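Here the structure comes first, spelled out in structure tokens, and everything after it is commentary.
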């Protein structure tokens, strides 16, 4: 299958992928004999007069049942949704799937994140009044459908017995909008463009390949980015105007109300998912938000956003151990909290984590795991760390007086995204990074081959000392596992925009040539670097289109139509000891 056809297919069935994110379990669901009464396109009225279209699946035998609710912008109905609804109906549940406001057959205007708390709460109140509802509700769904669960949970009463958000976002600004000052371009704008269409509306992106997406992502100025898809999308333009975490975003997110959530949560995510780091961070926030937090269980596998369950992710085979019956986990969770069954849920650990490299699961009671030792690996070179053929090195030894590494960042020719936590228009998962490491504007620092296995589980950060001749620029970092045969697979990556280097609301332009300290958050990982492997760190100034390009001008965000080159310097001497911090597990 051609790359063009792969991307077109992938984008075209995005509405299916992110509904439940249970691809492998779908087979099991479809094999269940059809055993439901379906009420199609039932209208549920909202308090403002808007009617939301809803499909209701009931067991054939009349009675009262616990209800599972999913609210989606991706379209209810179809064999996929019927199959999953049927699975739960066969196990004694009523299932309700609703088109979000302004999507599918529902009335109203669609704008992401705006109406989900209110609409979700009012839908729950309607369900509680139905004769087939026994007064107990649970929720399910993935990605944005995970957000619709989170959004309505703070105001819900004791009737909301549990949530199962899969690869979810909870805070639109941090999770889908911006990353330490840089725009999550391919995620926010790619997804935002896709969901701007109504059913049957012709999409400009149909049939696009990666090159087509990259061309669109390169549209300037960013404030008019939607010209690249030939359609004005007002909320995308608003996201550019509100590039800081202001009231616009606070009104759309869940964090300000997270302490009000009392329902047990089963969260499922993946190390290469677009929301891996933020999902774990928000779960920790929920745990710490009250003295009596709800029961929480988290499963993190080696998966991308579609929760692939065939053992292969990206270019790596993780084996059958990585395949998990996600529907079974759902059902056990629901049976425990909605039917009061005493089952295996009572013995579940707080975290079930897949360790890549070793390709095994481990159980933990906290995140990061107990026993983590944060270990500094320092950058070294003789001033020529450029490319894989350079002299960059990585070790636990403190550097002495070493010359700086230099490169030129040209936003007209950015480093192209090769895998990672992506969704629309660029590859995801682990991919061989060799082509990126052959570029002069990528600094490559590698350890010696490991004599013993090193297991790193937790958040990854880089402390970078660097200077630029620009008023504003970006710094990127990527952690890589290098195999003995030379293949180099990405684990996690991050970026920081120089003007937001103090990680506050204040913007501070650079003094050209002045050395500054940057903390680059690379997200999270769980990986065993096996004996004979190398630990590698890449440093550059672009990762496009995962993140937007910094024009290097210092102009207000989203306004530039011209791009400027920047001369970059990376320091790693005793005074400016740049390093990566690895959360090492003692074996």
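Numbering (the numbering used here), first residue to last: 59 to 645. Virtual Cβ for every residue (Gly too), placed ideally from N, Cα, C. All values derive from a computational prediction rather than experimental measurement.
Where does the unbroken beta strand (DSSP E) through residue 584 begin, and where does it stop? 574-587
Looking at the structure shown, is residue 711 part of a helix, part of a strand, or coil, going by DSSP? Nothing can be reported for residue 711: it is not among the residues displayed for the chain, which extend from 59 to 645.
Between the CA atoms of residue 215 and residue 158 - distance to the nearest angstrom: Per the coordinates, the alpha-carbon of residue 158 lies some 21 Å from the alpha-carbon of residue 215.
Going by DSSP in three states, residue 534 sits in which element: helix, strand or coil? strand
Does the beta-carbon of residue 469 have 16 or more other beta-carbons within 10 angstroms, so that it is buried, or is it exposed? Burial call: buried.
What first and last residue would you give for the beta strand (DSSP E) that runs through residue 219? Counting along the chain, residue 219 sits inside the beta strand (DSSP E) bounded by residues 218-224.
In its own chain, which residues sit with a C-beta less than 7 Å from the C-beta of residue 481, not counting the 5 before and 5 after it? 244, 245, 248, 249, 332, 363
Less than 8 Å between the beta carbons of residue 602 and residue 466, yes or no? no
Rounded to a whole number of angstroms, what is the C-alpha to C-alpha distance between residue 555 and residue 542? 34 Å
Residue 619, buried or exposed, once every other Cβ within 10 Å from all chains shown has been counted against 16: exposed
Can you list, in chain order, the residues of its chain with a C-beta nearer than 8 Å to that of residue 314? Leave out the 5 residues immediately preceding and following it. Correct list, in chain order: 308.
On the DSSP bridge assignment, give the partners of residue 419 in chain order. Partner(s): 412.
Once DSSP output is grouped into helix, strand and coil, what is the label at residue 645? coil
Could you give the residue range of the beta strand (DSSP E) that holds residue 627? 624-629
Name the DSSP beta bridge partners of residue 598, please? Residue 598 is bridged to 534.
Can the beta-carbon of residue 532 be found closer than 8 Å to that of residue 240? Yes; because the gap between Cβ atoms is below 8 Å, this pair is in contact.
Scan the stretch 473-528 and note each continuous alpha helix (DSSP H) run of 4 residues or more that stays entirely inside, going in chain order. none
DSSP three-state label for residue 144, please. Reduced to three states, the DSSP call for residue 144 is helix.
Between which residues of its own chain and residue 210 is the CB-CB distance below 6 Å, once the five residues before and five after are set aside? 175, 178, 179
Identify the continuous beta strand (DSSP E) that holds residue 333 and give its terminal residues. Where residue 333 is concerned, there is no enclosing beta strand (DSSP E), given that its DSSP letter is neither H nor E.
Determine, using beta-carbon pairs with one atom in the stretch 623-643 and one in the stretch 520-527, whether at least three such pairs fall under 8 Å. They touch, by the three-pair rule.
Mind the definition here: the stretch 488-508 touches the stretch 557-572 only if three or more C-beta pairs lie below 8 Å; say whether that holds. no
6 Å Cβ shell around residue 275 - same chain, five flanking residues per side excluded: 243, 603
I want to know whether the stretch 185-192 touches the stretch 288-295 - three or more CB-CB distances under 8 Å. Verdict: no, contact absent.
Between which residues of its own chain and residue 93 is the CB-CB distance below 8 Å, once the five residues before and five after are set aside? 117, 118, 144, 147, 148
So the alpha helix (DSSP H) residue 272 belongs to, where does it begin and stop? 268-275
With burial defined as no fewer than 16 other Cβ atoms inside 10 Å of the residue's Cβ, what is the status of residue 444: buried or exposed? buried
Assuming residue 412 contacts residue 489 (C-beta within less than 8 Å), just tell me the rounded distance between them. Actually they are not in contact, since the Cβ atoms of residue 412 and residue 489 sit about 19 Å apart, beyond 8 Å.
When burial is assigned at 16 or more other CB atoms within 10 Å of the CB, is residue 182 buried or exposed? buried
Can you tell which of 259, 122, 108, 425 has its C-alpha closest to the C-alpha of residue 358? 425
Beta-ladder partner(s) of residue 191, from DSSP: 123
List the whole-angstrom C-beta distance separating residue 227 from residue 204, where the pair is believed to meet the contact cut-off of C-beta under 8 Å. 7 Å
Residue 518 and residue 643 closer than 8 Å at C-beta: no
Kindly indicate the opening and closing residues of the beta strand (DSSP E) around residue 203. Residue range 202-210 is occupied by the alpha helix (DSSP H) that includes residue 203, with no beta strand (DSSP E) assigned at that position.
Identified DSSP bridge partners for residue 433: 640
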